[in-house]
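Structure first, commentary second.
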Amino acid sequence: MIHVTKSYLPSLERYIEKIKPIWENHWLTNNGPILLQLENELKKYTAIENLLYTNNGTVVLQMALKALHITKEVITTPFSYVATTNSILWEGCTPVFVDINEQDFNIDANLIEEKITENTQAILATHVFGNPCDVEKIEAIAKKYSLKVIYDAAHVFGVEYKNKSLLSYGDIATCSFHATKVFHTIEGGCIVANDNELFKKLHLYRQFGHIGDDYYDIGVNGKASEFHAAMGLCVLEDLEEIIQHRKNASLEYDRLLNFDGIQKPFSPFDIKYNYAYYPVVFKSEEMLLNVKNALAENGIIGRRYFYPSLNNLPFLKQTNECKNSERISKNILSLPLSSYITNEEIKTICDIIHKNLS
Numbered sequence: 001m002i003h004v005t006k007s008y009l010p011s012l013e014r015y016i017e018k019i020k021p022i023w024e025n026h027w028l029t030n031n032g033p034i035l036l037q038l039e040n041e042l043k044k045y046t047a048i049e050n051l052l053y054t055n056n057g058t059v060v061l062q063m064a065l066k067a068l069h070i071t072k073e074v075i076t077t078p079f080s081y082v083a084t085t086n087s088i089l090w091e092g093c094t095p096v097f098v099d100i101n102e103q104d105f106n107i108d109a110n111l112i113e114e115k116i117t118e119n120t121q122a123i124l125a126t127h128v129f130g131n132p133c134d135v136e137k138i139e140a141i142a143k144k145y146s147l148k149v150i151y152d153a154a155h156v157f158g159v160e161y162k163n164k165s166l167l168s169y170g171d172i173a174t175c176s177f178h179a180t181k182v183f184h185t186i187e188g189g190c191i192v193a194n195d196n197e198l199f200k201k202l203h204l205y206r207q208f209g210h211i212g213d214d215y216y217d218i219g220v221n222g223k224a225s226e227f228h229a230a231m232g233l234c235v236l237e238d239l240e241e242i243i244q245h246r247k248n249a250s251l252e253y254d255r256l257l258n259f260d261g262i263q264k265p266f267s268p269f270d271i272k273y274n275y276a277y278y279p280v281v282f283k284s285e286e287m288l289l290n291v292k293n294a295l296a297e298n299g300i301i302g303r304r305y306f307y308p309s310l311n312n313l314p315f316l317k318q319t320n321e322c323k324n325s326e327r328i329s330k331n332i333l334s335l336p337l338s339s340y341i342t343n344e345e346i347k348t349i350c351d352i353i354h355k356n357l358s
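Dropping the structure here:
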């Protein structure tokens, strides 16, 4: 069986070595020494000082909206994982969807202004599949209308734009370190804020709003365990090798696939990429399903990532049409990509795709 992803695992011996101190000090969670070590290593890797390691990549979206006092309309993308929209709804805000462009499948910055109303307070955009949004244009719009900018950067750990981590952009950026990601801590995430006072607030939010017996603010449980942090330290040590393998695999897909019948997203920007996913878009949903079923019959599992278009979620109270997102979400399939996939497996996948394109 070949799954759409296979989580990277370091050697068991190396992981055991990392967690041995837990048995010595009995410090399992609550910002222990292993977590603090990982947090410092993440700061070094990203060259970002105001970074907090957390227990997942969804709670940080909720923390971001709360910390920025967003209570009304949030302009967002319809093409993302459901956590992006759910976080907006969970915080009692209203998502206003702006369609995506057909190059990189990110929110179309040229369409944002027409959706701004007197109730608009923020833009929450996703850097889809590791490709950056048009951060300069979005920043200019935000300044013009006094809006906050939050980036769901779940896919972009290790990606750089203009020699800076993509986590550097926006008022707040969040990331997921879920087991399916290029860099993972089994479950986990992080949040970044450029403003020092805002960062202090997020630090309190992560731990119920208090330090010891002194209570300062509201908060949630955003803390991760020492076991998760230890996995992160192991994976971070191997990250360059992980990305290189994924790059080689992606280039092999590029070499073997016939792009007359399929489309692949690409970034118009010059970036250092992390090769997080390998999505392809077919000409029709029927063609997609033919290929998906043929792959499954051969023990190969692709994923309709992202499907459905979030503006079509059944529990929305109000929404709007997003033609590009709706079309692409119906026709897209993420192909298997991991640190373990072989060229032989990629050839098999490509052969099955080509046989079922009609």
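Quick note: the sequence shown uses the working numbering, first residue 1, plus one each step.
Backbone N, C-alpha and C fix where the C-beta goes; we use that ideal spot for every residue, glycine too.
Point to revise | Spatial distance of E344 from Y273 (CA atoms) | key: Their Cα atoms are separated by approximately 24 Å.
Exercise for review: Spell out the partners DSSP gives V182 in its beta bridges.
Suggested key: For V182, DSSP assigns no beta-bridge partner whatsoever.
**Study point:** Residue span of the alpha helix (DSSP H) that contains S82, given as start and end
**Key:** Before going further, note that residue 82 is Val rather than Ser in the sequence given. 82-90 is the span of the alpha helix (DSSP H), which, as asked, contains V82.
Check your understanding: What runs of the alpha helix (DSSP H), each 4 residues or longer, lie entirely inside the segment 81-145?
Key -> Qualifying alpha helix (DSSP H) stretches, in chain order: 82-90, 135-145.
Review point. Is V291 near I332, with beta carbons less than 8 Å apart?
Key: For the pair V291 and I332, the CB atoms are not nearer than the 8 Å cut-off.
Review point. From S284 to Y253, what distance separates their C-alpha atoms?
Key: Spanning the two alpha carbons is a distance of roughly 21 Å.
Check your understanding: If A193 and L202 are in contact, beta carbons under 8 Å, what's the gap, nearest whole angstrom?
Key -> Yes, A193 and L202 are in contact; Cβ-Cβ is about 6 Å, under 8 Å.
Check your understanding: Does the segment 312-329 touch the segment 61-80, meaning 3 or more C-beta pairs lie closer than 8 Å?
Key -> At 8 Å Cβ cutoff, the stretches touch.
Check your understanding: Which value, in whole angstroms, describes the spacing of the CA atoms of Y8 and L236?
Key -> Counting only the Cα atoms, L236 lies some 11 Å from Y8.
Check your understanding: Taking all protein chains shown into account, do 16 or more other C-beta atoms lie within 10 angstroms of the C-beta of L28, making it buried, or fewer, making it exposed?
Key -> Counting Cβ neighbours within 10 Å, L28 comes out exposed, since fewer than 16 surround it.
Check your understanding: Which class does A294 belong to by DSSP, given the choice of helix, strand or coil?
Key -> Reduced to three states, the DSSP call for A294 is helix.
Check your understanding: Would DSSP call T29 helix, strand or coil?
Key -> The three-state secondary structure of T29, taken from DSSP, is coil.
**Study point:** Uninterrupted alpha helix (DSSP H) stretches inside the segment 302-358 (no shorter than 4 residues)
**Key:** Taking only runs of at least 4 residues, the alpha helix (DSSP H) segments lying wholly in the segment 302-358 are 323-331, 343-355.
**Study point:** Test item: CB-CB of M231 and I186 under 8 Å
**Key:** Contact flag set, yes.
Check your understanding: Among H184, F97, V128, which has the Cα closest to the Cα of T117?
Key -> Measuring from the Cα of T117, the nearest candidate turns out to be F97.
Exercise for review: Using alpha carbons as the reference points, say which of E114, I271, I70 lies closest to I172.
Suggested key: Per the Cα distances, I70.
Review point. Around the Cβ of V182, are there at least 16 other Cβ atoms within 10 angstroms (buried) or fewer (exposed)?
Key: By the neighbour-count criterion, in which a residue is buried when 16 or more other Cβ atoms sit within 10 angstroms of its Cβ, V182 is buried.
Exercise for review: Select from K18, I352, D351 the residue whose C-alpha is nearest the C-alpha of P33.
Suggested key: Comparing Cα-Cα distances from P33 to each of K18, I352, D351, the minimum goes to K18.
Practice item. On a CA-only basis, which of D217, Y45, Y169 is nearest G158? Give me that one, please. Key: The alpha carbon of G158 has as its nearest neighbour, out of D217, Y45, Y169, the alpha carbon of Y45.
**Study point:** Continuous beta strand (DSSP E) stretch holding D152: start and end
**Key:** Boundaries of the beta strand (DSSP E) harbouring D152: 148-152, taken from the DSSP string.
Review point. In the segment 227-269, which residue ranges form an unbroken alpha helix (DSSP H) of at least 4 residues, counting only runs that do not cross its ends?
Key: For the segment 227-269, whole alpha helix (DSSP H) runs of length 4 or above, ordered along the chain, are 239-256.
Exercise for review: Return the first residue and the last residue of the alpha helix (DSSP H) that I205 is part of.
Suggested key: The question names Ile, yet the displayed sequence has Tyr at residue 205. 196-206 is the extent of the alpha helix (DSSP H) around Y205.
Exercise for review: Grab the span of the alpha helix (DSSP H) containing V59 for me, first residue to last.
Suggested key: In the DSSP assignment, V59 falls within the alpha helix (DSSP H) that extends over 59-67.
Check your understanding: Relative to the alpha-carbon of I243, which residue among Y161, Q62, S339, I112 has its alpha-carbon at the smallest distance?
Key -> That would be S339, whose Cα lies nearest to the Cα of I243.
Practice item. Enumerate in chain order the residues of its own chain whose CB-to-CB distance from P308 is below 7 Å, with the five nearest sequence positions on each side excluded. Key: Taken in chain order, the residues that qualify are S329.
Exercise for review: Spatial neighbours of G261 within its chain, please: CB distance less than 6 Å, with the 5 preceding and 5 following residues excluded, ordered by chain position.
Suggested key: Excluding sequence neighbours, G261 sits near L357.
Practice item. Take every Cβ of the segment 255-271, pair it with every Cβ of the segment 99-109, and state whether three or more of those distances are shorter than 8 Å. Key: The segment 255-271, when compared against the segment 99-109, does touch it at the 8 Å Cβ threshold.
Review point. In chain order, what residues of the same chain lie with their CB nearer than 7 Å to the CB of G209, ignoring the 5 residues before and after it?
Key: For G209, same chain residues with a beta-carbon under 7 Å away, outside a window of 5 residues either side, are Y215, Y216, D217, I218, G219 in chain order.
Practice item. Assign L52 to one of three DSSP states: helix, strand, or coil. Key: In the structure shown, L52 sits in a strand (DSSP, three-state: E or B).
Practice item. Give the secondary structure of S176 by DSSP, where H, G and I count as helix, E and B as strand, and everything else as coil. Key: Note: S176 maps to strand in three-state DSSP.
Practice item. From the DSSP output, in three-state form, read off P279 for me. Key: The three-state secondary structure of P279, taken from DSSP, is strand.
Point to revise | Presumed contact (8 Å Cβ cut-off) between G130 and A276, rounded CB distance | key: Confirmed, Cβ separation roughly 4 Å.
Exercise for review: Along the beta strand (DSSP E) that carries V74, what are the first and last residues, could you check?
Suggested key: Note, V74: beta strand (DSSP E), 73-76.
Exercise for review: Report the rounded CA-to-CA distance for F315 versus N25, giving the unit in angstroms.
Suggested key: If I take the Cα positions, the gap works out to 47 Å.
Review point. Where does N40 fall in DSSP's three states?
Key: Here N40 sits in helix by DSSP.
Exercise for review: Just the C-alpha distance for I16 and T94, rounded to the nearest angstrom, thanks.
Suggested key: Looking at the backbone, the Cα of I16 and that of T94 are separated by about 46 Å.
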